[in-house]
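Below is one structure; the comments refer to it alone.
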């Protein structure tokens, strides 16, 4: 999937205005990079279009231990939108990420997230390999 296809896929999801697809994608990927390990962020970035890789860069190797509410607040702030739109947008980005990165890589990312993130990662994630609950 190339950059244009990724952004169009996010924009095609319900509740995501096309004009918000790029900002919500950047905000979600940057926030996700903070929440997962540096190695996992690099592995995920390698499966994405070049234009999206920079948003998964992170200075350290350790994941920041924050929950879903903080995740959504960070996305909301970065994308400059209301919380409902940020939540819908983050879900759209993660759904697109699942398609772009593939099941195994996406499953590795989800495995680093607390169980409460399943509200965003959706039921399709449960069809992946069993996951470990992260910190």
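Residue numbers (this note's numbering): 4 to 138. Ideal Cβ positions, reconstructed from N, Cα and C, are used throughout, including at glycine.
Rounded to a whole number of angstroms, what is the C-alpha to C-alpha distance between residue i and residue j?
i: residue 64; j: residue 40; result: 5 Å
i: residue 91; j: residue 58; result: 19 Å
i: residue 44; j: residue 22; result: 26 Å
i: residue 119; j: residue 110; result: 15 Å
Closest by CA to residue i, which one among the options?
i: residue 8; options: 52, 26 and 32; result: 52
i: residue 88; options: 17, 67, 70 and 50; result: 17
i: residue 84; options: 5, 28 and 4; result: 28
i: residue 79; options: 99, 30, 94 and 68; result: 30
So residue i is in the alpha helix (DSSP H); what residue range does that whole segment cover?
i: residue 116; result: Looking at the DSSP string, residue 116 is not in any alpha helix (DSSP H), and its letter there is neither H nor E.
i: residue 122; result: 121 to 124
i: residue 23; result: Element bounds for residue 23: n/a, residue is neither H nor E.
i: residue 176; result: Nothing in the structure corresponds to residue 176, since the chain is present only between 4 and 138.
i: residue 96; result: 86 to 104
4 or more residues per run - each alpha helix (DSSP H) lying fully within the stretch 26 to 68: Scanning the stretch 26 to 68 for uninterrupted alpha helix (DSSP H) segments of 4 residues or longer gives 41 to 48 and 53 to 56, listed from N- to C-terminal end.
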